[in-house]
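Take a look at the structure set out below.
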């Protein structure tokens with residue numbers, strides 16, 4: 193006879209209840225970590241020992257596991273075959289609760305696929321923007337119809353890292369384009385290399401920069417997808433320091449062309 197672990201069962205029930213109360217996976221994970229609840233597979237924390245942090249993935253894996261409702265995959269009983277729950281294997285949560293959560297996940301998968309198909313490349317600087325505090329990639333998010341980049345971590349993860357670091361995309365694009373316009377010219381490259389003590393640029397280097405400059409000037413009539421592709425083609429790395437509201441920019445146009453750097457106020 194299988195008997196649920198009462199402590200683990202309480203945690204599972206809490207996760208389902210909080211998710212149905214419209215808490216995000218990240219907020220649920222942060223709450224479990226804050227309360228010192230051990231992660232799945234972890235041993236009990238001893239005196240003075242801090243429990244490992246919960247992740248969104250760990251929370252999600254519990255929410256999509258049908259065994260907590262007494263069922264295995266395909267709708268079979270977790271402890272036997274057929275439709276219902278086998279005797280001696282009580283569910284931790286009601287089947288209706290699991291099915292409700294399952295419907296929410298299914299609806300969000302459909303909405304996410306539809307969103308990706310219609311919006312295409314929504315964030316111009318996706319995959320390029322890093323947080324100066326932790327060096328992690330910042331993720332695209334929407335707020336009041338505008339695109340932002342956000343670095344979000346559990347509140348106890350780093351003492352000097354805010355829970356959320358936000359950067360509005362439009363606050364970045366204008367100064368970035370202005371700097372690129374001045375830099376992606378023969379004169380701009382020559383000045384940058386002279387200031388850094390690098391050799392005078394050769395013919396090939398000037399040709400690469402000139403080609404990038406022409407593409408930049410053609411962006412006025414370009415689509416969002418074409419603009420995003422242009423930024424990616426520059427080999428650009430961006431690092432945002434929220435304390436000083438500055439953006440460190442590094443361009444690596446091509447092998448053999450010196451990297452170009454700057455720091456912009458955003």
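In my numbering, the protein residues as written are 193 to 458.
Backbone N, C-alpha and C fix where the C-beta goes; we use that ideal spot for every residue, glycine too.
Mark residue 451 as exposed unless 16 or more other C-beta atoms lie within 10 angstroms of its C-beta, in which case mark it buried. exposed
Out of 374, 429, 214, 361, point me to the one whose CA is closest to residue 416's CA. 361
Pull up the DSSP beta-bridge partners for residue 338, would you. 335
When you compare the CB positions of residue 342 and residue 333, do they come within less than 8 Å of one another, or not? yes
Inter-residue spacing [alpha-carbon to alpha-carbon] between residue 301 and residue 294: 11 Å
Distance, Cα to Cα, residue 252 vs residue 344? 18 Å
Spatial neighbours of residue 287 in its chain, beta-carbon cut-off 6 Å, leaving aside the 5 residues before and after: 261
In chain order, what are the residue ranges of uninterrupted beta strand (DSSP E) at least 3 long that sit wholly in the stretch 375-441? 428-433
Looking only at its own chain, which residues have a Cβ that is under 7 Å from the Cβ of residue 454, when we skip the five neighbours before and after it? 371, 441
8 Å Cβ cutoff met for residue 443 and residue 426: yes
Can you check which of these residues, 438, 355, 364, 297, is closest to residue 318 by C-alpha distance? 364
To the nearest angstrom, how far is the alpha carbon of residue 420 from that of residue 373? 16 Å
Local conformation of residue 315 per DSSP, three classes: coil
Whole angstroms is fine: what's the gap from residue 291's alpha carbon to residue 401's? 57 Å
Return the residue from the list 228, 210, 434 that minimises the CA-CA distance to residue 254. 210
Please report the straight-line C-alpha distance between residue 434 and residue 340, rounded to a whole angstrom. 13 Å
If you reduce the DSSP assignment to three classes, tell me which class residue 245 lands in. coil
Going by beta carbon distance, what residues of the same chain come within less than 8 Å of residue 338, once the five residues before and after it are set aside? 360, 361, 362
So, under 8 Å CB-CB, residue 430 and residue 408 are touching, yes? Tell me the CB distance rounded to an integer number of Å. Their Cβ separation, rounded to whole angstroms, is 16 Å, which puts residue 430 and residue 408 out of contact at 8 Å.
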